[in-house]
Amino acid sequence: MKKHKRTLKEDLRMIKRALKLIESNTPHFLLHNFLYSFFATAIFVIANYITASIVDELTGNRDPKKIVFLLSMYAAEVVLYIFRDYSWRKVRTFHIISEKWEEVLLNGKSFSMDYPNMEDPLIRAKRQLITDSRGTGGLGKLMVNLVSLFEGISKLVMCSIISMELFFKHSDKVLSGFEKFIDTSGFTIAFFVFVAICAVGEYKVTSKFNRLSVEKIKGNSMIERLLHYYLDDYIDDSKACKDIHIFNQKRLIRFSSDKVYDEWIKGCKELFSLQRKRNNRFNLFYVLTTGATYLFVALKTYIGAFGLGGFIKYQFCVARIVEAAEIFSSAVTDLRTNNDYLEIFFDYLDTPTEMHYGTIPTEKRMDNKYDIEFHNVSFRYPNTENYAIKNLNLKFKVGDRIAVVGMNGSGKTTMIKLLCRLYDPTEGYITLNGIDIQKYAYEDYLDLFSVVFQDFRLFSFSVGENVSAEVDYDEEKVWSSLEKAGMLERVKAMPKELKTPVYKDFEEDGVEISGGEAQKLAIARALYKDAAFVILDEPTASLDPIAEHEIYSRFNDMVKDKTAVYISHRLSSCRFCDRILVFDNGQLIQDDSHETLLENPNGKYSELWNAQAQYYA
Ligand code: ADP
Numbered sequence: 000m001k002k003h004k005r006t007l008k009e010d011l012r013m014i015k016r017a018l019k020l021i022e023s024n025t026p027h028f029l030l031h032n033f034l035y036s037f038f039a040t041a042i043f044v045i046a047n048y049i050t051a052s053i054v055d056e057l058t059g060n061r062d063p064k065k066i067v068f069l070l071s072m073y074a075a076e077v078v079l080y081i082f083r084d085y086s087w088r089k090v091r092t093f094h095i096i097s098e099k100w101e102e103v104l105l106n107g108k109s110f111s112m113d114y115p116n117m118e119d120p121l122i123r124a125k126r127q128l129i130t131d132s133r134g135t136g137g138l139g140k141l142m143v144n145l146v147s148l149f150e151g152i153s154k155l156v157m158c159s160i161i162s163m164e165l166f167f168k169h170s171d172k173v174l175s176g177f178e179k180f181i182d183t184s185g186f187t188i189a190f191f192v193f194v195a196i197c198a199v200g201e202y203k204v205t206s207k208f209n210r211l212s213v214e215k216i217k218g219n220s221m222i223e224r225l226l227h228y229y230l231d232d233y234i235d236d237s238k239a240c241k242d243i244h245i246f247n248q249k250r251l252i253r254f255s256s257d258k259v260y261d262e263w264i265k266g267c268k269e270l271f272s273l274q275r276k277r278n279n280r281f282n283l284f285y286v287l288t289t290g291a292t293y294l295f296v297a298l299k300t301y302i303g304a305f306g307l308g309g310f311i312k313y314q315f316c317v318a319r320i321v322e323a324a325e326i327f328s329s330a331v332t333d334l335r336t337n338n339d340y341l342e343i344f345f346d347y348l349d350t351p352t353e354m355h356y357g358t359i360p361t362e363k364r365m366d367n368k369y370d371i372e373f374h375n376v377s378f379r380y381p382n383t384e385n386y387a388i389k390n391l392n393l394k395f396k397v398g399d400r401i402a403v404v405g406m407n408g409s410g411k412t413t414m415i416k417l418l419c420r421l422y423d424p425t426e427g428y429i430t431l432n433g434i435d436i437q438k439y440a441y442e443d444y445l446d447l448f449s450v451v452f453q454d455f456r457l458f459s460f461s462v463g464e465n466v467s468a469e470v471d472y473d474e475e476k477v478w479s480s481l482e483k484a485g486m487l488e489r490v491k492a493m494p495k496e497l498k499t500p501v502y503k504d505f506e507e508d509g510v511e512i513s514g515g516e517a518q519k520l521a522i523a524r525a526l527y528k529d530a531a532f533v534i535l536d537e538p539t540a541s542l543d544p545i546a547e548h549e550i551y552s553r554f555n556d557m558v559k560d561k562t563a564v565y566i567s568h569r570l571s572s573c574r575f576c577d578r579i580l581v582f583d584n585g586q587l588i589q590d591d592s593h594e595t596l597l598e599n600p601n602g603k604y605s606e607l608w609n610a611q612a613q614y615y616a
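The sequence shown finishes on residue 616 if you use numbering that gives the first Met the number 0, and the numbering steps up by one all the way, no holes.
So, in structure tokens, the structure goes:
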């Protein structure tokens, strides 16, 4: 959360922006919010007004017609109830819609974000915080706060208007001494000044304690998140069950969660103590103003300025004005606190686009003649000191079968990310058929690549949708890709074949698949895309030796005239490649065929090869 303290102007600007956003999705939210507050307040103010008038009539003229008329007005209130409930349903529906829509907006932004920003831990943390705080802060919370604010304002305005009558109500009797003083406007003004002072005092006290409570809640939020992690998240993750059992992690989890739990209890007690202090102060102001109101109105009734009905009416209205001060102060504090969340939300939505997305369409070539070349490319990840790639010069020739090898962290995956333009070089440039790749339309350029990353993900959708990434897919092409990836028989045996959901997240007849099967589906997906470059990052890590053998023996058939790049730790599986790139410490140190590389016994490749060969000897 940002530490910068916003000015009132900045706060108002942010609320205005959020309101514009809300109104663009759920038009007339503010109108319905206003109508709801108006009707909700009017219902009880009018009810009180009628009661007061009936009491006046019963203790005054006792005109039966007027009493019946007043009673029938209660029935008329039904209309107000209908209006109130209608606008409440609207407000509530808009609120629910907006909370979901907030997620849709965030997703839209994530989809359109530069890839480096999607991977940036700080930006990801922002998104996580927004998600974790849903309900506590954000657009939905702003709507809830505005309902309270409007309610406070409605009460204040309506009850003030009615209370104003007090200035003009004077006794018909001839008064003298203290009674005459009570009947003066000066006395009424003194009373209102007292009420105003109490209301301001109450506003200040509630503001201060609300602010302290909010700070306490914020301070406790890390503890809340930790507790949630220990008690829910980790245990809910089905992948964690094995580790919990094998490593007896319950001891660690219990110890840590007990510690955090104690802190949580302490935080709750401190919060309750703050709330108790706040309530005590609030009650003091409330008793003072209510007592003063009773006294003032009783005295006015006593001298005959108005009847018993007036007593009921004015006492009620002045008490509501004081109540409104509290609602108002809470709403204002909450609105400003909510801006802490809105600030992060807008920060996320405003994440700038820094990549150049290009405009030149890539040529659609049947012969796949796409030559890509790295020209002295160096690359550092954002906010890091060290180069992950240094002075890389490299040319991919059409139809190449290239293996990329090297120790962990030597820059293999980073080179692929640069090749696929997930990142742009820090220095140097990359060309496609002689033109800087940054000049090509981004999505067009991405169309040239099919990649199976090590940490690929499958959807909990059907097999067909997973392979094609489309809703209306070409079934024949999906089957052919599955066959090439060695998954044909397995999918044919599934209850709904291509329509079978992967995993059981949403449907009971979904299938759970092994890591190797998932990898085969990911390979099928890469083949379905039919891109000019097929890149496999550790393509066979989860496959059993037979499946691995099958994949390699059919490999040439799979990739045909495409350029294929493999990252692999199993050097024996790289032998079928024409060309092997050896990376070390971000640099390309060797680039040759398997046989030629082995001729140099002191080279890195020989070192890696010999290190692995002893296990296969
Ligand atoms: P390899 O694929 O050869 O194992 P990588 O290309 O993944 O290596 O990583 C090269 C270097 O870049 C490593 O030092 C790694 O820690 C660093 N690195 C990789 N990804 C990121 C990232 N997203 N942010 C910062 N540094 C990264």
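Glycine is no exception: its CB is placed at the ideal position from the N, C-alpha and C atoms.
Span of the alpha helix (DSSP H), counted from its first residue to its last, around residue i
i      : result
Ile160 : Leu138 to Phe167
Arg489 : Leu487 to Lys491
Val477 : Glu474 to Lys483
Closest Cα partner of residue i within the set the options
i      : options                           : result
Ala468 : Val286, Asp529 and Ile181         : Asp529
Leu431 : Phe193, Tyr369, Thr413 and Pro381 : Tyr369
Leu155 : Lys89, Ile320 and Ser461          : Ile320
Ser329 : Asn144, Ser605, Tyr551 and Val558 : Asn144
Val462 : Pro115, Arg489 and Asp590         : Arg489
Val376 : Asp399, Asp349 and Asp435         : Asp435
Ala563 : Asn106, Phe395 and Gly405         : Phe395
Asn465 : Glu482, Gln437 and Thr499         : Thr499
Lys172 : Ile302, Leu226 and Leu211         : Ile302
Glu516 : Leu535, Leu481, Pro494 and His548 : Leu481
Ala51  : Ile66, Arg123, Asp235 and Phe38   : Ile66
Leu141 : Lys268, Leu29 and Leu57           : Leu29
Ala521 : Pro494, Ala239, Leu70 and Gly485  : Gly485
Ile401 : Tyr441, Leu535 and Asn209         : Leu535
Phe149 : Asp346, Leu393 and Tyr35          : Tyr35
Ile264 : Leu294, Val296, Leu251 and Leu226 : Leu226
Gln437 : Ser449, Cys419 and Gly137         : Cys419
Gly134 : Asp423, Asp333 and Ile188         : Asp333
Glu101 : Tyr386, Leu138 and Gln586         : Leu138
Glu269 : Tyr260, Ala546, Asp577 and Ile216 : Ile216
Residue i - DSSP class collapsed to helix/strand/coil
i      : result
Leu391 : strand
Ala17  : helix
Leu226 : helix
Phe281 : helix
Pro351 : coil
Phe271 : helix
Ile66  : helix
Pro120 : helix
Phe373 : strand
Ile181 : helix
Asp235 : helix
Val173 : coil
Pro500 : strand
Ser513 : coil
Phe254 : helix
Ser459 : coil
Phe378 : strand
Asp339 : helix
Glu101 : helix
Val470 : coil
Where the beta strand (DSSP E) through residue i begins and ends
i      : result
His355 : That residue, His355, is in no beta strand (DSSP E); it is neither H nor E in DSSP.
Val533 : Phe532 to Asp536
Min CB distance residue i to chain B below 9 Å
i     : result
Ile21 : The structure shown contains no chain B; it is built from a single protein chain.
Problem - Completely contained alpha helix (DSSP H) runs for the segment 28-60, where each covers 4 or more residues - result: 28-58
Practice task
Go through the segment 392-457 residue by residue and report every complete run of the beta strand (DSSP E) that reaches 3 residues or more, in order.
Solution key: 400-405, 426-431 and 448-451
Handout entry: Residue ranges of each beta strand (DSSP E) within the segment 539-605, 3 or longer
Key = 562-566, 578-583 and 586-591
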